[in-house]
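Participant: For the sequence shown, this note's numbering assigns the number 57 to the initial residue and increments by one for each residue that follows.
No residue lacks a Cβ here, since even glycine has one placed at the ideal position from N, Cα and C.
Before anything else, here's the structure in question.
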Amino acid sequence: MGGVGFGTNTGLSGLGGLGSMGSNSGGGGTWGRDTSKVEKSVPTEFHQWRIGERLGERMAEEYNDTLPHGFQNYDGTDGLAGGYMILGNLGSPRYAVNFLDRPQAGDLIFIEPYDFFHTTPGNLLWTNTKSPLTNLQYHKSGTRTNGQDRFRAYFASNVNKETGLGFKIDYLYGRGYYNNQANSQFGGTVFGYHLGERYEVHAMGSWEHMKMSENGGVTDDAYITDPESFARKVGSRDIPTVFSSLYNRNDHQTYFLTQRFNLGRYDEIEVPDSLKPVAPGDDVLLRRWKVELIDSLAGVMMGDGEELSDGESEPGERGRDYWTRTLRDSLVTALRADSVRYGAVVDSLRGVWAGEQVSPRVFVPISSIVHTLDVRRLSHSLYNRGSMPSDYFSHEPYYGGSWDSFRDITSGMSVKNTIGLELREGWGKWAKAGISLFAAHEFDSYTLPDSVGWTDSTSVWNYYRENHISVGGEVAKRLGRTLHYRAGLETWLIGPDAGDMDVHAEGDLNVRLGGDTLRVIAKASFTNKEVPFYYEHYHSRGRWWDNDRSKERRTRLEGVLSVDRTHTRLRVGVENLKNYAYLGMKQTGAADGAGSGYPRDVVVGQHGGNIQVLSAELRQDLHLGFFHLENSVMWQHSSDADVLPLPTLYVYTNPYVKVLLAKVLTVEVGADMRFWTKYYGMDYDPFLNQFAIQDASAERVKIGGYPIMHAYANFAIKRVRGYIQYTRFAGGNGNAFWAPHYPIDPSGLHFGVSWNFYD
Numbered sequence: 057m058g059g060v061g062f063g064t065n066t067g068l069s070g071l072g073g074l075g076s077m078g079s080n081s082g083g084g085g086t087w088g089r090d091t092s093k094v095e096k097s098v099p100t101e102f103h104q105w106r107i108g109e110r111l112g113e114r115m116a117e118e119y120n121d122t123l124p125h126g127f128q129n130y131d132g133t134d135g136l137a138g139g140y141m142i143l144g145n146l147g148s149p150r151y152a153v154n155f156l157d158r159p160q161a162g163d164l165i166f167i168e169p170y171d172f173f174h175t176t177p178g179n180l181l182w183t184n185t186k187s188p189l190t191n192l193q194y195h196k197s198g199t200r201t202n203g204q205d206r207f208r209a210y211f212a213s214n215v216n217k218e219t220g221l222g223f224k225i226d227y228l229y230g231r232g233y234y235n236n237q238a239n240s241q242f243g244g245t246v247f248g249y250h251l252g253e254r255y256e257v258h259a260m261g262s263w264e265h266m267k268m269s270e271n272g273g274v275t276d277d278a279y280i281t282d283p284e285s286f287a288r289k290v291g292s293r294d295i296p297t298v299f300s301s302l303y304n305r306n307d308h309q310t311y312f313l314t315q316r317f318n319l320g321r322y323d324e325i326e327v328p329d330s331l332k333p334v335a336p337g338d339d340v341l342l343r344r345w346k347v348e349l350i351d352s353l354a355g356v357m358m359g360d361g362e363e364l365s366d367g368e369s370e371p372g373e374r375g376r377d378y379w380t381r382t383l384r385d386s387l388v389t390a391l392r393a394d395s396v397r398y399g400a401v402v403d404s405l406r407g408v409w410a411g412e413q414v415s416p417r418v419f420v421p422i423s424s425i426v427h428t429l430d431v432r433r434l435s436h437s438l439y440n441r442g443s444m445p446s447d448y449f450s451h452e453p454y455y456g457g458s459w460d461s462f463r464d465i466t467s468g469m470s471v472k473n474t475i476g477l478e479l480r481e482g483w484g485k486w487a488k489a490g491i492s493l494f495a496a497h498e499f500d501s502y503t504l505p506d507s508v509g510w511t512d513s514t515s516v517w518n519y520y521r522e523n524h525i526s527v528g529g530e531v532a533k534r535l536g537r538t539l540h541y542r543a544g545l546e547t548w549l550i551g552p553d554a555g556d557m558d559v560h561a562e563g564d565l566n567v568r569l570g571g572d573t574l575r576v577i578a579k580a581s582f583t584n585k586e587v588p589f590y591y592e593h594y595h596s597r598g599r600w601w602d603n604d605r606s607k608e609r610r611t612r613l614e615g616v617l618s619v620d621r622t623h624t625r626l627r628v629g630v631e632n633l634k635n636y637a638y639l640g641m642k643q644t645g646a647a648d649g650a651g652s653g654y655p656r657d658v659v660v661g662q663h664g665g666n667i668q669v670l671s672a673e674l675r676q677d678l679h680l681g682f683f684h685l686e687n688s689v690m691w692q693h694s695s696d697a698d699v700l701p702l703p704t705l706y707v708y709t710n711p712y713v714k715v716l717l718a719k720v721l722t723v724e725v726g727a728d729m730r731f732w733t734k735y736y737g738m739d740y741d742p743f744l745n746q747f748a749i750q751d752a753s754a755e756r757v758k759i760g761g762y763p764i765m766h767a768y769a770n771f772a773i774k775r776v777r778g779y780i781q782y783t784r785f786a787g788g789n790g791n792a793f794w795a796p797h798y799p800i801d802p803s804g805l806h807f808g809v810s811w812n813f814y815d
């Protein structure tokens, strides 16, 4: 689901076979049961795939949602291995710790910090199932005051072997352990597909509503770093925050359709002799011959109402029966007496039978004509329902009368049509890879408030309309086990993005070494693109700019080496960035009322030179009997830490024991830890709902150097899995912040359950 997946459940559903009838005192009898009903096992086989968002190509997905491993972190906004920085509360925005995992910013930037919740055509799981499949999940923690709840549902069913449909629902409500940080998010998605030989189509619609309270962080970090300095013990709800009535809201819709018409040929399937149909014997052929021949003779010799030999008149059907009985024995006797004629008739009938046999055939697609329609719309709002702290800004609002009780709105929409022609892989001896060519047209529309003429009763808007045309192509090899690769190019010809370019290539080599597999993955990319629209234009009461930024150029090389048997994975990457564009905090003049001098404005900056990022990550899992130890260590370096700050080290470790009880209950008990070194981490701007770097010319705050440890127990029995988790069991004083002035949640008990149904 914006990420739920399922795997094949091999267990049989329903009751076992009924025992034989026994006495009332005996066990295993059928007394009291309705033995007239036949019990059936429900098939649980299914498979899933994802699709490419440009041309709708299918990519098989191997995912098993029946295993307990990692389920305790499945609902965490900070990721399965804690690889994201968040604001603490469930449903808060996030960004990846590893720079190589951060996608390049798109035009609708306000939805991107919520990728854990946001559903796209590319991350949706499409399902083909023999039985209707339903998964229900519920996650819970805390009380009515600070609790967090999340409910998920996923349903998929097939209309026939080629057609399926389904839906998913995701509802999240995090009240938060600190004041004024509640999040409420609801998402619904419906989808359907048809996979015919000639025609294929995937369609989906997604609607997402997100409301996030913004508290601006705590007013004094000493509540967390030095609680003993206060006269009394302070709970999380006693700590004052900057805002009490500020909210961000996103309303996002996605409508997606990709369809393809396949051109190809039918090839006969070579069937082994043991499976080929056997010609019937002479008697079977003659029985068929007698029926056809006698029926035709009777029809000629006997019409409706014709007199019989005894002078009686009968209807035609009864006459035909008479002639059938009369001629049967004489015809067969005469035919058998003439061996030559007998052999000729039998051979002729056998030839007729052979001509009626149809060899099995399979459709082989050679080329495809593809059309994709992708429509996305986002409305982003910022509300303030009360008063703004008088010392938060040192300037007046950019438009409107005051900071109190205001509403900022901006909206963006993208409509993209892509037409492609694809030469399919594997249709012939020399078709070792698939080749596709495409052309795309994208229409973008944005709305921003205008400062001129805006009053409390009159709204004045700026409208931006853009048309983009691009062309490109790709060559890809996806079949086979040893080598896979894909390489593509897209360039923009018309519109504000004219001159943009996106080049990418990746491949993997799988080598068998004894009973093990050595896997090598290589990736390379080059992009030269305009910065996102909202980096060039943004209007609101607290943030305002109209920029003309240079194209951002990125070059990346990445390699992965993994060994299955030893559970080892090494990932190394390097990226060079030129004209790197970023959001940055900026001092708004005089220091704020508290005298901290902490900057509270935001600007769009661009580094004109080159920035290099180096990253290396080693994952090593160890297993000894029922004891398991997962380890991940990441090192990275930025050549300009003021513009692109990164933690030098990030460590995740997870020791646990795994046992099977009573042959049906799988249990995991363990404790995991996240740790990153201190650095000037990304700040968070509540007015933009985005992360931004700290101002290097003003006071900065370091985060990190503090372990986050959780204890947990997972279980799985048949179709049910669940967990109990106690977070921050080793908590204490220290630099316990996810972002500057946003503390990590206190200790708490969490639990969750997931249940699969097949009927």
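1) According to DSSP, is Ile225 part of a helix, a strand, or is it coil?
2) Could you tell me if Ser81 is buried or exposed, where buried requires 16 or more neighbouring beta carbons within 10 angstroms of its beta carbon?
3) Considering only the alpha carbon of each residue, which of Arg599, Glu608 and Leu574 lies closest to Thr583?
4) Along the alpha helix (DSSP H) that carries Ala278, what are the first and last residues, could you check?
5) Ends of the beta strand (DSSP E) at Tyr706?
6) How about Gly139 and Val153: are their beta carbons less than 8 Å apart?
7) On the three-state DSSP scale, how would you describe Asp163?
8) Using CA atoms only, rank isn't needed, just tell me which of Thr314, Leu702 and Tyr234 is closest to Gly198.
9) According to DSSP, is Ser330 helix, strand or coil?
10) Could you tell me whether the Cβ atoms of Tyr740 and Tyr798 are closer together than 8 Å?
11) With a threshold of 8 Å, are at least 3 pairs of Cβ atoms found where one atom belongs to the region 222 to 233 and the other to the region 104 to 117?
12) On the DSSP bridge list, what partners appear for Arg480?
13) Between the region 428 to 444 and the region 452 to 466, are three or more C-beta pairs nearer than 8 Å?
14) Helix, strand or coil for Pro169, going by three-state DSSP, please let me know.
15) How is the beta strand (DSSP E) around Tyr591 delimited, first residue to last?
16) Can you tell me whether Asn770 is helix, strand or coil according to DSSP?
17) If you follow the beta strand (DSSP E) that Gln237 is part of, which residue opens it and which one closes it?
18) Helix or strand or just coil, what does DSSP make of Phe317?
19) Check whether the Cβ atoms of Phe166 and Asn745 sit closer than 8 Å, and answer yes or no.
20) From the DSSP output, which residues share a beta bridge with Arg106?
21) Please report the straight-line C-alpha distance between Glu284 and Trp811, rounded to a whole angstrom.
22) Which term fits Pro159, buried or exposed, when burial requires 16 or more other beta carbons within 10 angstroms of its beta carbon?
23) How close, in whole Å, do the beta carbons of Ser526 and Ala496 come, if the pair is a contact with beta carbons under 8 Å?
24) Excluding the 5 residues flanking Thr709 on each side, which residues of the same chain have their C-beta closer than 8 Å to its C-beta?
25) Can you find the residues in the same chain that come closer than 7 Å, C-beta to C-beta, to Asp698, ignoring five residues on each side of it along the sequence?
26) Just to confirm my understanding: we take Asp90, look at its own chain, exclude 5 residues before and 5 after, and list those with CB closer than 6 Å. What are they?
27) Is it buried or exposed, Gln844, if we count other Cβ atoms within 10 angstroms and call 16 or more buried?
28) Just curious, the beta strand (DSSP E) that Thr573 is in, first and last residue?
29) What number of angstroms, rounded off, separates the C-alpha of Asn189 from the C-alpha of Ile107?
30) Is it the case that the Cβ atoms of Thr133 and Phe172 are separated by a distance below 8 Å?
31) Using C-beta distances below 6 Å, list every residue in its chain close to Gly244, excluding the 5 sequence neighbours before and after it, in chain order.
32) State the DSSP-derived secondary structure class of Arg6, mapped to helix, strand or coil.
33) Can you name, in chain order, every residue of its own chain whose Cβ lies under 6 Å from the Cβ of Ser92, other than the five neighbours on each side?
34) Going along the chain, which residues of its own chain have a beta-carbon closer than 6 Å to the beta-carbon of Asp793, five neighbours each way excluded?
35) Apart from the five residues just before and just after Ser424, which ones in its own chain have a Cβ nearer than 6 Å to its Cβ?
36) What residues match up with Met444 in a beta bridge as DSSP calls it?
Facilitator: From the atom records:
1) Taking the sequence shown and counting its residues from 1, one reaches residue 225 at position 169. In this structure, Ile225 counts as strand in the three-state DSSP scheme.
2) What you label residue 81 is simply residue 25 of the sequence shown in a count that begins at 1. Because Ser81 sits at a pLDDT of 37, beneath the cut-off of 50, its placement in the model cannot be relied upon, and the following sentence gives the value as read from the coordinates. The residue is exposed, with fewer than 16 neighbouring Cβ atoms inside 10 Å.
3) Along the sequence shown, one-based indexing puts residue 583 at 527. Among Arg599, Glu608 and Leu574, the Cα nearest to that of Thr583 is on Glu608.
4) Indexing the sequence shown from 1 puts residue 278 at position 222. Element bounds for Ala278: Ala278 to Thr281.
5) For the purposes of this step, residue 706 is taken as residue 650 along the sequence shown, with counting starting at 1. From DSSP, the beta strand (DSSP E) with Tyr706 extends over Leu705 to Leu717.
6) For the purposes of this step, residue 139 is taken as the residue at position 83 of the sequence shown. For the purposes of this step, residue 153 is taken as the residue at position 97 of the sequence shown. Against a cut-off of 8 Å, the Cβ pair of Val153 and Gly139 comes out as a contact.
7) The residue labelled residue 163 in the question sits at position 107 within the sequence shown. Coil at Asp163, not helix or strand.
8) Position 142 of the sequence shown, counting from 1, holds the residue named residue 198. That would be Tyr234, whose Cα lies nearest to the Cα of Gly198.
9) Taking the sequence shown and counting its residues from 1, one reaches residue 330 at position 274. The answer is helix: DSSP assigns Ser330 an H, G or I state.
10) Here residue 740 is taken as the residue at index 684 of the sequence shown, counted from 1. Here residue 798 is taken as the residue at index 742 of the sequence shown, counted from 1. Yes, the pair counts as a contact, with Cβ atoms nearer than the cut-off.
11) no
12) The residue given as residue 480 occupies position 424 in the sequence shown. In the DSSP output, where bridge partners are listed per residue, Arg480 has none listed.
13) yes
14) Position 113 of the sequence shown holds residue 169. Of the three classes helix, strand and coil, the one that applies to Pro169 here is helix, per DSSP.
15) Here the question's residue 591 lines up with position 535 in the sequence shown. First-last for Tyr591: Phe589 to Glu592, but that is the alpha helix (DSSP H), not the beta strand (DSSP E).
16) Along the sequence shown, one-based indexing puts residue 770 at 714. Note: Asn770 maps to strand in three-state DSSP.
17) Against the sequence shown, residue 237 aligns to sequence position 181. Gln237 -> no beta strand (DSSP E), and no H or E assigned at all.
18) Your numbering for residue 317 matches position 261 in the sequence shown. Looking at Phe317 - three-state DSSP - the assignment turns out to be strand.
19) Within the sequence shown, the letter at position 110 stands for residue 166. Within the sequence shown, the letter at position 689 stands for residue 745. The answer is yes: Cβ separation under 8 Å.
20) The residue given as residue 106 occupies position 50 in the sequence shown. Paired residue(s): Met115.
21) In the sequence shown, the residue the question calls residue 284 occupies position 228. In the sequence shown, the residue the question calls residue 811 occupies position 755. Their backbone Cα atoms lie some 46 Å apart in a straight line.
22) On the sequence shown, position 103 is the one that residue 159 refers to. Counting Cβ neighbours within 10 Å, Pro159 comes out exposed, since fewer than 16 surround it.
23) Residue 526 sits at position 470 when you count from the first residue of the sequence shown. Residue 496 sits at position 440 when you count from the first residue of the sequence shown. Yes, Ser526 and Ala496 are in contact; Cβ-Cβ is about 5 Å, under 8 Å.
24) For the purposes of this step, residue 709 is identified with residue 653 of the sequence shown, where counting begins at 1. Leu685, Glu686, Asn687, Ser688, Asp728 and Met729.
25) Within the sequence shown, residue 698 is the residue found at index 642, counting from 1. These residues qualify, in order along the chain: Ala752.
26) Walking along the sequence shown from the start, residue 90 turns up at place 34. Note that Asp90 scores a pLDDT of 44, beneath 50, so its modelled location is shaky and nothing firm can be said.
27) Absent from the structure is residue 844, since the part of the chain shown begins at 57 and ends at 815.
28) The sequence position of residue 573 within the sequence shown is 517, counting from 1. Asp572 to Lys585 is the span of the beta strand (DSSP E), which, as asked, contains Thr573.
29) As a position in the sequence shown, residue 189 is number 133, starting the count at 1. As a position in the sequence shown, residue 107 is number 51, starting the count at 1. Note that residue 189 is Leu in the sequence shown here, rather than Asn. Cα to Cα, the separation comes out at about 20 Å.
30) Against the sequence shown, residue 133 aligns to sequence position 77. Against the sequence shown, residue 172 aligns to sequence position 116. Yes, these two residues count as a Cβ contact at 8 Å.
31) On the sequence shown, position 188 is the one that residue 244 refers to. Same-chain partners within the cutoff: Ile225 and Trp263.
32) Outside the shown range of the chain (57 to 815) lies residue 6, about which nothing can therefore be said.
33) Within the sequence shown, numbered from 1, the residue matching residue 92 stands at position 36. Note that Ser92 scores a pLDDT of 49, beneath 50, so its modelled location is shaky and nothing firm can be said.
34) Within the sequence shown, the letter at position 737 stands for residue 793. Per the sequence presented here, residue 793 reads as Phe, with Asp not at that position. Within the same chain, Phe793 has close Cβ partners Ile759 and Pro799.
35) Within the sequence shown, residue 424 is the residue found at index 368, counting from 1. The answer, listed in chain order, is Arg316, Asn318 and Glu478.
36) As a position in the sequence shown, residue 444 is number 388, starting the count at 1. DSSP, once it has assigned bridges, lists no residue as partnering Met444.
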